[in-house]
Amino acid sequence: MNMATSDTNHDQGSIRLRQTNASTPAPRVRHVDQLPEETLTTVLTLLEGETRVASNEHDLIEGETIVFTDYYTVSRS
Amino acid sequence: MTEYVIIGDGISGSSAAETIREEDPDSSITVITDEGEPLYNRILIKEHAKGKLPEAPISIHDEEWYEERDIELSLNTHVVTVDTDEHVVRTHEKDDIPYDKLLIATGGTPTQLPVENSDAEGIHHFWTFQDARKIRESAEAADDAVIVGAGLLGIDFAAVCGSQDVDGKFLMRGDRWWRYALSADGAEIMHEGMRGVGVEPVFDSGVSEFEVDAEGHVEAAIDANGDRYPCDFAGVAIGLTFNTEFLRDTDIEQDNGIVVDEFMQTNVEDVYAAGDLTRFYDVLVGDQAQNGSWGSAKEQGRVAGINMAADDEAEVFEWVSSYSITHFDFPFLSFGHPTIGDDYAERRYSDTEWRRIAFIDGKVVGGVLIGDLSAQSKLKQLMREQRVVADQADVLLEKQVDLDNLAPTQEQ
Chain D
1 MNMATSDTNH DQGSIRLRQT NASTPAPRVR HVDQLPEETL TTVLTLLEGE TRVASNEHDL
61 IEGETIVFTD YYTVSRS
Chain X
1 MTEYVIIGDG ISGSSAAETI REEDPDSSIT VITDEGEPLY NRILIKEHAK GKLPEAPISI
61 HDEEWYEERD IELSLNTHVV TVDTDEHVVR THEKDDIPYD KLLIATGGTP TQLPVENSDA
121 EGIHHFWTFQ DARKIRESAE AADDAVIVGA GLLGIDFAAV CGSQDVDGKF LMRGDRWWRY
181 ALSADGAEIM HEGMRGVGVE PVFDSGVSEF EVDAEGHVEA AIDANGDRYP CDFAGVAIGL
241 TFNTEFLRDT DIEQDNGIVV DEFMQTNVED VYAAGDLTRF YDVLVGDQAQ NGSWGSAKEQ
301 GRVAGINMAA DDEAEVFEWV SSYSITHFDF PFLSFGHPTI GDDYAERRYS DTEWRRIAFI
361 DGKVVGGVLI GDLSAQSKLK QLMREQRVVA DQADVLLEKQ VDLDNLAPTQ EQ
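Keeping their order, the protein sequence lines are chains D and X.
Numbers 1 to 77, taken from UniProt numbering, label the letters of the first sequence in order.
Numbers 1 to 412, taken from UniProt numbering, label the letters of the second sequence in order.
Okay, structure coming up:
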């Protein structure tokens, strides 16, 4: 699995999962086991290098941290 | 006004309280917990013990959350008995709390090893936030540790050792980690993951006793072969004992857990249960089942809340659970019930990639994916659809699963 930074486009702009430091302040921190099924699939898809994800397929919010094999920050760009 | 009482403020109890407030805005809701702090993120406490995550993000609700929803929260409160005839919950302070609908969501307590000195200082169990704080403190000062319990909870101790630069010995009774769900091929990937973080698996071992120093602090574990493993702390994760002792005077059916139907109802009127301690009727496997995952507990609490507020069998609990291990360079995900199959199919793809699927009567009931999780959503979909597919396991073991390659579903 490619754990590198991942960008994607969707109709509210692109979403990026960026490896981050756990001490970075975040509005929300979730482990992948807490994600709704659609969001889990979206996160895994982004980490696999997918480039397009529909906005209704996740509930990720700007700045939140996702705990997976690394810590990832969600950002829109 | 209906009076709801919820015993337990874990994710299932809290989820039920939130749901009931939405469904029945004018009701009275009381949440009782013997812990000293409101709901926190039980999944993330391992990240705190690893020294990676501070305390703040782990709290989920503060006491204001309950006040804003007009939910009475009783912290540090032990329930000593329940009178299901009188519909009353009695606490250690001899308060009687009446209920119209009762939810039991008290979870479990880690089981102590039945060996000498198993309650010594420095021997940790890993369940509460307070446990995590103590483990973090011990690990930060430790050079060597011993881990006991070759399952999903034990591996969190291995991760703590890895993150805190502690040399660990993982003493396992059998020949591999999580032997009920993994073959030797799958387990070896996990063993390599452990070794990679400085934890050595020791097989055909297990602990016979702990040795303590003059102050009563653990200093070594003696295994079943008589071998001695010095340690500054020990982590024990051999299972949970469900917190149901306060139900001893009731007729609530228990069978290594509280037995509930698919609506989260016990056999006693107006009493429901949710979370880790249930033995629930799983409509997807057609049998009673158990599950300790966060998502399952949250959903059970929500469904219980719906049915309690409706005073009816309004919604069925139907859920495919996930449990992930994210401590190593490669991901691990188990789903459904990977240990109860009557048939299995598996394949190893590389040194870090492996997949196993469990079937009952030809239908997917669970599985484990290591390294490559890309198939997880499709396998879960098949479990939800209850399709008979075991005879086409090769399709499900392809690196990239394409469900269109399955033969059309036949009438059963």
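Beta carbons: idealized from backbone N, C-alpha and C, even for Gly.
If you run the structure through DSSP and keep just helix, strand and coil, what is residue i?
{"i": "residue 94 of chain X", "result": "coil"}
{"i": "residue 324 of chain X", "result": "strand"}
{"i": "residue 11 of chain D", "result": "With a pLDDT of only 48 at residue 11 of chain D, under the threshold of 50, the placement of this residue in the model should not be trusted, and no figure is reported."}
{"i": "residue 89 of chain X", "result": "strand"}
{"i": "residue 99 of chain X", "result": "coil"}
{"i": "residue 242 of chain X", "result": "strand"}
{"i": "residue 35 of chain X", "result": "coil"}
{"i": "residue 278 of chain X", "result": "strand"}
{"i": "residue 400 of chain X", "result": "coil"}
{"i": "residue 2 of chain X", "result": "coil"}
{"i": "residue 177 of chain X", "result": "coil"}
{"i": "residue 337 of chain X", "result": "coil"}
{"i": "residue 65 of chain D", "result": "strand"}
{"i": "residue 354 of chain X", "result": "strand"}
{"i": "residue 125 of chain X", "result": "coil"}
{"i": "residue 16 of chain D", "result": "strand"}
{"i": "residue 265 of chain X", "result": "strand"}
Classify residue i: buried if its beta carbon has 16 or more other beta carbons within 10 angstroms, exposed otherwise.
{"i": "residue 289 of chain X", "result": "buried"}
{"i": "residue 33 of chain D", "result": "buried"}
{"i": "residue 324 of chain X", "result": "buried"}
{"i": "residue 76 of chain D", "result": "exposed"}
{"i": "residue 31 of chain X", "result": "buried"}
{"i": "residue 349 of chain X", "result": "exposed"}
{"i": "residue 8 of chain D", "result": "Note that residue 8 of chain D has pLDDT 46, beneath the 50 cutoff, so the model's placement of it is unreliable and the number below is only indicative. Answer is buried; the Cβ neighbour count reaches 16."}
{"i": "residue 327 of chain X", "result": "buried"}
{"i": "residue 5 of chain D", "result": "With a pLDDT of only 49 at residue 5 of chain D, under the threshold of 50, the placement of this residue in the model should not be trusted; the figure read from the coordinates follows. The residue in question, residue 5 of chain D, is exposed, as its Cβ has fewer than 16 Cβ neighbours within 10 Å."}
{"i": "residue 58 of chain D", "result": "buried"}
{"i": "residue 253 of chain X", "result": "exposed"}
{"i": "residue 24 of chain D", "result": "exposed"}
{"i": "residue 265 of chain X", "result": "buried"}
{"i": "residue 52 of chain X", "result": "buried"}
{"i": "residue 12 of chain X", "result": "buried"}
{"i": "residue 329 of chain X", "result": "exposed"}
{"i": "residue 27 of chain D", "result": "exposed"}
{"i": "residue 4 of chain X", "result": "buried"}
{"i": "residue 405 of chain X", "result": "exposed"}
Measuring alpha carbon to alpha carbon, tell me which residue in the options is nearest residue i.
{"i": "residue 8 of chain X", "options": "X:67, X:72, X:222", "result": "X:72"}
{"i": "residue 194 of chain X", "options": "X:360, X:154, X:109, X:101", "result": "X:154"}
{"i": "residue 300 of chain X", "options": "X:351, X:336, X:316, X:310", "result": "X:316"}
{"i": "residue 415 of chain X", "options": "X:85, X:130, X:84, X:62", "result": "This structure cannot settle anything about residue 415 of chain X, because the visible part of chain X is limited to 1 through 412."}
{"i": "residue 247 of chain X", "options": "X:51, X:380, X:78", "result": "X:78"}
{"i": "residue 46 of chain X", "options": "X:135, X:375, X:143", "result": "X:135"}
{"i": "residue 35 of chain D", "options": "X:280, X:217, X:89, X:377", "result": "X:377"}
{"i": "residue 16 of chain D", "options": "D:46, D:37, D:68, D:56", "result": "D:46"}
{"i": "residue 385 of chain X", "options": "X:374, X:397, X:398, X:362", "result": "X:362"}
{"i": "residue 198 of chain X", "options": "X:356, X:98, X:143", "result": "X:143"}
{"i": "residue 67 of chain X", "options": "X:403, X:17, X:42", "result": "X:17"}
{"i": "residue 408 of chain X", "options": "X:399, X:398, X:400, X:382", "result": "X:382"}
{"i": "residue 39 of chain X", "options": "X:27, X:65, X:54, X:29", "result": "X:65"}
{"i": "residue 87 of chain X", "options": "X:95, X:100, X:76", "result": "X:100"}
{"i": "residue 38 of chain D", "options": "D:22, D:72, D:55", "result": "D:55"}
Taking 7 Å as the cut-off, does the CB of residue i come closer than this to any heavy atom belonging to the ligand SAH?
{"i": "residue 118 of chain X", "result": "This structure does not include the ligand SAH; it has no bound ligands of any sort."}
Determine the contact status of residue i and residue j, defining contact as a CB-CB distance below 8 Å.
{"i": "residue 43 of chain D", "j": "residue 61 of chain D", "result": "no"}
{"i": "residue 29 of chain D", "j": "residue 57 of chain X", "result": "yes"}
{"i": "residue 209 of chain X", "j": "residue 93 of chain X", "result": "no"}
{"i": "residue 220 of chain X", "j": "residue 230 of chain X", "result": "yes"}
{"i": "residue 338 of chain X", "j": "residue 364 of chain X", "result": "no"}
{"i": "residue 187 of chain X", "j": "residue 176 of chain X", "result": "yes"}
{"i": "residue 48 of chain X", "j": "residue 141 of chain X", "result": "no"}
{"i": "residue 206 of chain X", "j": "residue 234 of chain X", "result": "no"}
{"i": "residue 33 of chain X", "j": "residue 250 of chain X", "result": "no"}
{"i": "residue 82 of chain X", "j": "residue 91 of chain X", "result": "no"}
{"i": "residue 109 of chain X", "j": "residue 291 of chain X", "result": "no"}
{"i": "residue 105 of chain X", "j": "residue 10 of chain X", "result": "yes"}
{"i": "residue 396 of chain X", "j": "residue 270 of chain X", "result": "no"}
{"i": "residue 358 of chain X", "j": "residue 393 of chain X", "result": "no"}
{"i": "residue 283 of chain X", "j": "residue 262 of chain X", "result": "yes"}
{"i": "residue 35 of chain X", "j": "residue 128 of chain X", "result": "yes"}
{"i": "residue 63 of chain D", "j": "residue 74 of chain D", "result": "yes"}
{"i": "residue 413 of chain X", "j": "residue 303 of chain X", "result": "Not covered by the structure: residue 413 of chain X. The range shown for chain X is 1 to 412."}
{"i": "residue 157 of chain X", "j": "residue 201 of chain X", "result": "no"}
If you measure from the beta carbon of residue i to each beta carbon in chain B, is any gap under 8 Å?
{"i": "residue 38 of chain X", "result": "No chain B appears in this structure, whose protein chains are D and X."}
| query | Between the segment 288-297 of chain X and the segment 314-327 of chain X, are three or more C-beta pairs nearer than 8 Å? | reply | yes
| said: For the pair the segment 159-169 of chain X and the segment 266-284 of chain X, tell me if three or more CB-CB distances fall below 8 Å. | reply: no
| message | When you compare the segment 231-251 of chain X with the segment 140-155 of chain X, are there three or more beta-carbon pairs, one atom per stretch, that lie closer than 8 Å? | response | yes
| So does the segment 118-128 of chain X actually touch the segment 14-25 of chain X, counting three or more Cβ pairs closer than 8 Å? | no
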